[in-house]
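Asker: Numbering of the sequence shown is given in our numbering, commencing with residue 350 and proceeding in unit increments.
Where a beta carbon is used, it is the ideal one built from N, C-alpha and C, also for glycine.
Computed from a prediction, not measured in an experiment: that's the story for all the values here.
Next up is a structure, given as structure tokens.
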Amino acid sequence: MRGESIASLADDIRQLAQKAYADLDSIAVERLALNQLYKQISGDMHCSCIDNNCHTVNDAVSVIERYQSHILGPFRQTSDKYLEGDSMNTHFGSGIAVYLRGPTRIKIT
350 MRGESIASLA DDIRQLAQKA YADLDSIAVE RLALNQLYKQ ISGDMHCSCI
400 DNNCHTVNDA VSVIERYQSH ILGPFRQTSD KYLEGDSMNT HFGSGIAVYL
450 RGPTRIKIT
């Protein structure tokens with residue numbers, strides 16, 4: 350949901366996966382939740398998660414939050430809002446949106 354923090358979104362996804370797949374083991378449920386989280390973030394953030402070998406939702410949230418703070422730092426209106434890639438044109442202008450969605454992959458260490 351637009352305006353929701355990435356941590357809150359991830360918690361919601363994890364809880365829904367646990368309810369929907371109560372018969373699966375916790376590792377499988379975590380993987381399903383992680384895949385659903387990947388569908389909600391930009392391609393660059395997804396690549397960063399893969400580059401950083403995220404195996405859990407918490408791993409991905411940490412990478413996404415670091416990515417957002419490094420890339421969006423001074424451009425962010427608030428520090429806890431999750432921004433969809435397509436909404437950046439509205440909030441920050443097309444220049445920064447093109448930069449953020451560009452073909453480069455950034456690895457955050």
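Does DSSP put residue 502 in a helix, a strand or coil?
Answerer: Because the chain in this structure spans residues 350 to 458, residue 502 falls outside the shown range and cannot be described.
Asker: Taking 9 Å as the threshold (C-beta atoms), are residue 406 and residue 373 in contact?
Answerer: Cβ atoms of residue 373 and residue 406: not closer than 9 Å.
Asker: Between 396, 403 and 378, which has its C-alpha nearest residue 363's C-alpha?
Answerer: Per the Cα distances, 378.
Asker: Going straight from the alpha carbon of residue 388 to that of residue 359, what length do you get?
Answerer: C-alpha separation (whole angstroms): 11 Å.
Asker: From what residue to what residue does the alpha helix (DSSP H) around residue 357 run?
Answerer: Note, residue 357: alpha helix (DSSP H), 355-369.
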